[in-house]
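First the structure, in the form of structure tokens, and then the observations on it.
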Amino acid sequence: MLDEQAKKTLLLKIPHGLYVCGVKNEDEVNGFTASWVMQCSFKPPMVVNCVKQDSISHSMIQSSGVFALSFLEAGQKDLAQKFFKPMRRVGNKFEDVEFYLGETGCPIIKDTLGYVECKVVGSVDQGDHTVFVGEVIGSGTHRDGMPLLLETTGWQYGG
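First residue of the sequence shown? That's -8 in my numbering, and the numbers climb one at a time after it.
Following this line, the structure appears as structure tokens:
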């Protein structure tokens, strides 16, 4: 028997880092705050990134086959919040955020701990998100620091 309250309580206890996922489709770029991310392989190095299926970014990843994850630092809650709203509601989220394009053409935020760039090598559509498996094909560090965690923001995404 599924206890809805217990399920929600426990699923919200799974720790999540916060990242800005940069995506592209031809010359257009976008970004969103991602929290359902984890490493899934050493050789080759791979991560999974779960993306809401009804988002613009989802279709951009499907079209381009690439994404980049900028690792947010503890204290960058405002930057994470900037990328929560859908592009169709706010327009260009990178308007006042300094970024550069990586080797994949995806935007990477300069004021972060660093980044990984990924080529999609697999995906699984289940529920309302797609699990994109990305092989890490590029990476770099900007500075040392502690990562921003979802639990420290007071926000909830899950349950």
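Idealized CB from N, CA, C, for every residue including glycine.
Just mark I54 as buried or exposed, buried being the case when its beta carbon has 16 or more other beta carbons within 10 Å.
Before going further, note that residue 54 is Ser rather than Ile in the sequence given. Label assigned to S54: exposed.
If you run the structure through DSSP and keep just helix, strand and coil, what is E142?
helix
Provide the residue span of the beta strand (DSSP E) that contains Q117, from first to last.
G105 to Q117
Measure the Cβ-Cβ separation of T103 and H133 and say whether it is below 9 Å.
yes
Can you tell me whether H120 is helix, strand or coil according to DSSP?
If DSSP states are grouped into helix, strand and coil, H120 belongs with the strands.
Residues bridged to T24 (per DSSP):
V11
At which residues does the beta strand (DSSP E) containing M37 begin and terminate?
M37 to K43
Less than 9 Å separating the beta-carbons of V173 and P98?
With the chain covering only -8 through 150, there is no way to say anything about residue 173.
Any beta strand (DSSP E) of 3 or more consecutive residues that is wholly inside the stretch 44 to 106:
Along the stretch 44 to 106, the beta strand (DSSP E) occurs as fully enclosed runs of 3 or more residues at 57 to 62, 90 to 92 and 98 to 100, listed in sequence order.
Would you decide whether K(-1) is buried or exposed? Buried here means 16 or more other CB atoms lie within 10 Å of its CB.
exposed
Can you grab the Cα-Cα spacing for the pair Q30 / S61, in whole Å?
The alpha-carbon separation between Q30 and S61 amounts to approximately 14 Å.
Endpoints, alpha helix (DSSP H) assigned at Q(-4):
E(-5) to L2
Have a look at E126 and V28 and give me their C-alpha separation to the nearest angstrom.
13 Å
Output needed for I52: all residues of its chain with C-beta closer than 7 Å, excluding positions within five of it in sequence on either side, in chain order.
V14, V42, F58, V111 and F123
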